[in-house]
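In the numbering used here, the protein residues as written are 4 to 410.
The next block holds one structure in the form of structure tokens; read it before the comments.
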Amino acid sequence: MAGQQRYLRYIVFALIAIILLFFISSSSSVPSAQWPTYKGDQSQTAADPSTNKPAAPQTGAEKESTATTPNTGNQLPPATAGGERMNATFVTLARDSDIWEIAESIRHIEDRFNRKFNYDWVFLNDGDFGEEFIKVTTALVSGKTKYGKIPKEHWSFPDFIDQDRAAKVREEMKEKKIIYGDSVSYRHMCRYESGFFFRHPLMLDYEWYWRVEPSVKLFCDIEYDTFKFMAENKKKYSFTLSLYEYVETIPTLWDAVKNFTSVYPQHVVEGNSMKWISEDDGKTYNHCHFWSNFEIGNLNWLRSDAYIDYFTSLDYAGGFFYERWGDAPVHSIAAALMLKKEEIHFFNDIAYYHVPFTHCPTGEEYRLSHKCSCNPKDNFDWNGYSCTARFFEVNGMEKPAGYEKEQ
Ligand SMILES: Nc1nc2c(ncn2[C@@H]2O[C@H](COP(=O)(O)OP(=O)(O)OP(=O)(O)O)[C@@H](O)[C@H]2O)c(=O)[nH]1
Ligand SMILES: *[C@@H]1O[C@H](CO)[C@@H](O)[C@H](O)[C@H]1NC(C)=O
Ligand SMILES: *[C@@H]1O[C@H](CO)[C@@H](O)[C@H](O)[C@H]1NC(C)=O
Ligand SMILES: [Mg+2]
4 MAGQQRYLRY IVFALIAIIL LFFISSSSSV PSAQWPTYKG DQSQTAADPS TNKPAAPQTG
64 AEKESTATTP NTGNQLPPAT AGGERMNATF VTLARDSDIW EIAESIRHIE DRFNRKFNYD
124 WVFLNDGDFG EEFIKVTTAL VSGKTKYGKI PKEHWSFPDF IDQDRAAKVR EEMKEKKIIY
184 GDSVSYRHMC RYESGFFFRH PLMLDYEWYW RVEPSVKLFC DIEYDTFKFM AENKKKYSFT
244 LSLYEYVETI PTLWDAVKNF TSVYPQHVVE GNSMKWISED DGKTYNHCHF WSNFEIGNLN
304 WLRSDAYIDY FTSLDYAGGF FYERWGDAPV HSIAAALMLK KEEIHFFNDI AYYHVPFTHC
364 PTGEEYRLSH KCSCNPKDNF DWNGYSCTAR FFEVNGMEKP AGYEKEQ
């Protein structure tokens, strides 16, 4: 009897132990049992799908692979928008070292817009892009990617520039702590964006562009083709943010513009936006400009005789080097004088951030239906330093309901 009882006790004890072990192992298996198997699986981040093989056979490896998200290859979902595509491309001027900042921008543009349209992307650089830059950006963009080197003559001092005078200005601006005031490369960049990017051989294949800079963000879904919108509504230039330029960087820009218009009066269009950039009918510039780190525009307009004459005459005036003229006021003044005012579009629905300003669409209904993630309190549009209210006024546009609350 005693032997049998002891025997039974053993069986009960063993059963309890087995049940307990089962519970312990099943509830803790996700973190503890699987970590080691990730060791052999580091190729997951590799761009080449052929290297993305399952982990080497290990005990339980098969079971664990179903517990992770299956990797179905590195293809983005196919375009979901039907219909024709426009003759358009994204364009980014960047250095090789901008790789992760531009990767972030691309991801935003793709998620909110381009995965539905698959437009191409042109990358331009005065230097060379490395293998990693090309690999990463190619993987992120849903359309074709193209990489162009900027010809030396588009990224250097023209021979009519007095080097000593230019160097002295940089020294003075450095002392005055003017942002990028002592930078040579920033000046080449501004001049390139003002007068050359649209003439790069890779850009000649396109009629429309959308400019993208490193570390920008989009906050709302864009469900229609913005390039098609531009074409169908006869738009040539567009913006999301506008503001006043830092006066010290452009003291004689307006004089140079007036010199240009006196030599080429035929390039100034009737029904333009002069009222937006001048409070006294063109005598002085009020420093309003569209923020050109975002632009959707027409390349053929930039390649027109009117624009080329404009850029060439500003370039001869020397202010890209003797001052620090930005491409934003240069583009903006051109758009304001050489386009009809209906040809400039404010993209209220493109919610956009480039340090330090945000454009967040006014109106809660719109923000909710377009899955916007921006804080309406960050919207810069109705701030006193923005020129967007003035744009609405000179164009006789009604400001969106609720704008007063954002002032
Ligand atoms: N290849 C190349 N690209 C440049 C150079 N300097 C600026 N860029 C690019 O030109 C654009 C404007 O330069 P940013 O440095 O962003 O100038 P910014 O927007 O006025 O100033 P941030 O507040 O710094 O963004 C960006 O797309 C840069 O990647 C350069 O020396 N070489
Ligand atoms: C796209 O536009 C450019 C510039 O206008 C033009 O040269 C090119 O032929 C166009 N391509 C197509 C496919 O229409
Ligand atoms: C405008 O033209 C006048 C007369 O040719 C010249 O003296 C002046 O330097 C020019 N201004 C600029 C900013 O180019
Ligand atoms: Mg920038």
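Each residue gets a CB set at the ideal place from its N, CA and C atoms; glycine is no exception.
Item, Value
"Ends of the alpha helix (DSSP H) at Cys193?", "Val187 to Gly198"
"What residues match up with Phe349 in a beta bridge as DSSP calls it?", "Phe242"
"Taking the beta strand (DSSP E) that Asp258 falls in, what are its first and last residues?", "Not the beta strand (DSSP E): Asp258 falls in the alpha helix (DSSP H), residues Leu256 to Val266."
"Between the region 275–294 and the region 189–204, do three or more beta carbon pairs fall short of 8 Å?", "no"
"Where does Phe1 sit, in a helix, a strand or coil, going by DSSP?", "Examination of residue 1 is not possible in this model, given that the chain is present from 4 through 410 alone."
"Does the region 172–188 come into contact with the region 253–271, if we say contact requires no fewer than three beta-carbon pairs (one atom in each stretch) closer than 8 Å?", "no"
"Considering only their Cβ atoms, is the gap separating Ser159 from Asn117 smaller than 7 Å?", "no"
"Alpha carbon to alpha carbon, what distance is there between Ala97 and Val333?", "20 Å"
"Flag this pair as yes or no: are the beta carbons of Pro217 and Asp114 separated by less than 7 Å?", "no"
"Compare the C-alpha of Arg88 against each of His111, Asp123 and Ile105 and name the closest.", "Asp123"
"Out of Asp167, Ser335 and Met341, which one is the CA nearest neighbour of Phe349?", "Ser335"
"Considering only residues of the region 358–405, which uninterrupted alpha helix (DSSP H) runs meet the minimum length of 4 residues and lie entirely inside it, listed in chain order?", "367–372 and 391–397"
"In or out: Trp257 buried (at least 16 other Cβ within 10 Å) or exposed?", "buried"
"Between the C-alpha atoms of Met233 and Phe120, what's the straight-line distance to the nearest angstrom?", "15 Å"
"If you count every other CB in all the chains shown that lies within 10 Å of the CB of Ala238, and 16 or more means buried, which is it?", "Note that residue 238 corresponds to Lys in the displayed sequence, not to Ala. The residue in question, Lys238, is buried, as its Cβ has 16 or more Cβ neighbours within 10 Å."
"Which term fits Asn382, buried or exposed, when burial requires 16 or more other beta carbons within 10 angstroms of its beta carbon?", "buried"
"Could you work out which residue in Trp385, Pro379, Lys220 and Phe314 is closest to Ala106 when comparing CA atoms only?", "Lys220"
"Could you check if Asn128 belongs to the surroundings of ligand 4, using beta carbon to heavy atom distance under 6 Å?", "no"
"Using the rule of at least 16 other Cβ atoms within 10 Å of the residue's Cβ for burial, across every protein chain shown, is Thr95 buried or exposed?", "buried"
"Does ligand 2 have even one heavy atom less than 6 Å from the beta-carbon of Glu87?", "no"
"For Val358, which of Glu326, Asp99 and Phe297 has the nearest alpha-carbon?", "Phe297"
"Could you pull the start and end residues of the beta strand (DSSP E) that Arg214 belongs to?", "Trp211 to Arg214"
"Given 6 Å as the limit, tell me if Asp101 has its C-beta closer than that to any heavy atom belonging to ligand 1.", "yes"
"Note the first and the last residue of the continuous alpha helix (DSSP H) segment covering Val125.", "Segment Asp123 to Asn128 is the beta strand (DSSP E) holding Val125; no alpha helix (DSSP H) there."
"With DSSP run on the structure shown, which of helix, strand or coil describes Gln45?", "The predicted position of Gln45 is uncertain, since its pLDDT is 30 and thus under 50; a value taken from the coordinates is nonetheless stated next. Three-state DSSP puts Gln45 in a helix."
"Classify Asp131 as buried or exposed, calling it buried when 16 or more other Cβ atoms lie within 10 Å of its own Cβ.", "exposed"
"Taking the beta carbon of Gly329 as the centre, do at least 16 other beta carbons fall within 10 Å, making it buried, or is it exposed?", "buried"
"Phe394 and Ser316 - do their beta-carbons sit closer together than 7 Å?", "no"
"Tell whether a beta-carbon distance below 7 Å holds between Asp224 and Lys374.", "yes"
"Would you check whether ligand 3 has a heavy atom nearer than 6 Å to the C-beta of Thr264?", "no"
"With DSSP run on the structure shown, which of helix, strand or coil describes Thr252?", "helix"
"Contact between the region 145–156 and the region 303–316: three or more CB pairs below 8 Å?", "no"
"Is Pro217 near ligand 1, going by C-beta to nearest heavy atom under 6 Å?", "yes"
"Can you tell me where the beta strand (DSSP E) holding Thr95 begins and where it ends?", "Ala91 to Leu96"
"Can you check the region 111–175 for any beta strand (DSSP E) of at least 3 residues that lies completely inside it and give the ranges in chain order?", "123–128 and 148–152"
"By Cβ distance, which residues of its chain are closer than 6 Å to Leu305, with the 5 residues on each side in sequence left out?", "Phe201"
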